[in-house]
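Heads up: the structure comes next, in structure tokens.
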Amino acid sequence: MFFQSKLSTITVLSCLSLAVIPVARTATIQVTVGGPGVLAYTPDHVQANVGDVIQFAFKQKNHTITRSSLASPCSPLQGEGAFDSGFVPVADDETDFPLAQLTVRDTNPIWIYCRQANHCSANGMVFAVNPGNDFEAFKAAATGSSAASSAGASASATSTSAAPNPSTTSTSADHLVVVGGTAGNIYTPSNITAQPGDTVTFQFHSKNHTVTSSTFANPCSPNGKFSSGFMAVSPDATNFPTFTIQINDTQPIWVYCQQAGHCGQGMVFSVNAVESGPNNFGAFKDKAIQLNGTAAAPSAPPSTDTQNGALLPARSAGVIVALAGVVAGMLL
Ligand SMILES: *[C@@H]1O[C@H](CO)[C@@H](O)[C@H](O)[C@H]1NC(C)=O
Ligand SMILES: *[C@@H]1O[C@H](CO)[C@@H](O)[C@H](O)[C@H]1NC(C)=O
Ligand SMILES: *[C@@H]1O[C@H](CO)[C@@H](O)[C@H](O)[C@H]1NC(C)=O
Ligand SMILES: *[C@@H]1O[C@H](CO)[C@@H](O)[C@H](O)[C@H]1NC(C)=O
Ligand SMILES: *[C@@H]1O[C@H](CO)[C@@H](O)[C@H](O)[C@H]1NC(C)=O
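Those letters in the sequence shown? Residues -26 to -1, 1 to 306, per mature numbering (1 follows the signal peptide of the UniProt record, and there is no 0), in order.
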């Protein structure tokens, strides 16, 4: 039983693990799980090299380390590569904390959450290894989601299955951007850099937003290149529609929300804005507020909350799931 021995080990190795680990200095990275009054992993994300070991110390009260995905932060990853520590209750007066270790097999992101009650969906108790620019979006998607799973039986069932061969060599990336939700009328993150060949997947949370391309000169007017159309999502939605764009070059891409008043509030987004130049993201946002802010009072009412959940059919966010490649060996 995990809880009885302070550090027992079950190694789950990927097929290629022996071949792909280069000779390099490896480190042990310490992460605290919970603690008195703390519903968080501390730190909440880390950068790790291949071969590094992440050592989790379970503190109070009763948490898990459960693998999820960028698209569904508060649901257990199913199938190959899934891992789950199970619940680890730690008494208030405990001073000798149970440990778990995760060995990093490559530098792809690993997404993790606590599946206790609503720790993930209400408190954003999530953790990531090598999240790149996506940690903010991951955390926002977690707290915007009411899809927390505390059942867990299916999660633990897969914890000892071997990880598959992490042989994909794709160099393109998908960038997740959360639209709206509990963060308010904003895109999270608000600006990114992306390479030609990458994709950007916008995941729509409440309320009723768009992703519409514009120009730096006219931030709140469509330039006709692309628009998602209005995506009405109720506050209790558990499936989030997505809209994906392909990045074809390194030119800046300017985006805004067409919902009445939102652009003037600064609900804008950019890809590859040159931060060191005059046409940076901050200048774009300022211009949106200046041109379409409260001075230009919108006539249409902001009828954006959909109490009855007039939902669009959920589209697949599978492109994101596919990126959470199976890369880790979990030692418990
Ligand atoms: C830990 O949490 C799980 C899930 O909520 C629960 O089933 C279990 O009884 C808890 N353990 C203790 C000792 O509180
Ligand atoms: C912003 O203002 C311009 C100029 O008045 C207008 O053409 C445009 O429709 C406005 N955009 C939004 C989203 O309100
Ligand atoms: C979403 O907003 C648009 C534009 O304001 C509106 O036409 C549409 O009815 C809204 N959808 C819902 C379900 O509220
Ligand atoms: C990239 O090119 C494809 C194919 O021509 C096009 O559909 C897409 O809209 C382009 N992406 C952007 C951001 O303009
Ligand atoms: C651009 O996004 C980063 C986070 O991705 C943020 O720290 C920064 O403040 C943003 N820039 C502006 C001008 O808001």
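From the three backbone atoms N, C-alpha and C, an ideal C-beta is built for every residue, glycine too.
query, result
"With a 10 Å radius around its C-beta and 16 neighbouring C-beta atoms as the bar for buried, classify A191 as buried or exposed.", "exposed"
"So does the region 221 to 237 actually touch the region 179 to 188, counting three or more Cβ pairs closer than 8 angstroms?", "yes"
"I want to check one thing, is the minimum distance from the CB of F200 to the heavy atoms of ligand 1 below 6 angstroms?", "no"
"My output table needs one value for L44: the three-state DSSP class, helix, strand or coil.", "coil"
"Using 8 angstroms for Cβ pairs, my map puts C94 next to P47. What's the rounded Cβ distance?", "6 angstroms"
"From which residue to which residue does the alpha helix (DSSP H) around D263 run?", "Checking the sequence shown, residue 263 turns out to be Ile, not Asp. Unbroken alpha helix (DSSP H) run through I263: F255 to N266."
"Whole angstroms are fine: how far does the CA of C237 sit from the CA of G9?", "41 angstroms"
"Check for me: the alpha helix (DSSP H) holding T212 runs from which residue to which?", "Careful: T212 lies outside any alpha helix (DSSP H) and carries neither H nor E."
"Rounded to whole angstroms, what is the Cα-Cα separation between S250 and G106?", "21 angstroms"
"So what does P63 bridge to, in DSSP terms?", "N36"
"What is the DSSP secondary structure of T184, reduced to helix, strand or coil?", "coil"
"Work out the CA separation of G25 and R79 for me, nearest whole Å.", "6 angstroms"
"Measuring only the C-alpha atoms, how far is Q177 from D148?", "12 angstroms"
"Quick check on the DSSP output: the alpha helix (DSSP H) that includes F57 runs from which residue to which?", "No alpha helix (DSSP H) holds F57; DSSP gives it neither H nor E."
"Counting along the chain, where does the beta strand (DSSP E) carrying A74 start and finish?", "L73 to V78"
"So, for T224: in the same chain, excluding its five sequence neighbours on each side, which residues have a beta-carbon less than 6 angstroms away from its beta-carbon?", "N246"
"With H, G and I counted as helix, E and B as strand and the rest as coil, what does DSSP make of F190?", "coil"
"Give the single residue among N213, P163 and T218 whose Cα lies nearest to the Cα of T173.", "T218"
"Any chance the region 157 to 170 sits against the region 192 to 207, with 3 or more Cβ pairs inside 8 angstroms?", "no"
"Measuring CA to CA, which of F57, A116, T69 and L51 is closest to Q75?", "F57"
"Quick check on DSSP: helix, strand or coil for Q239?", "helix"
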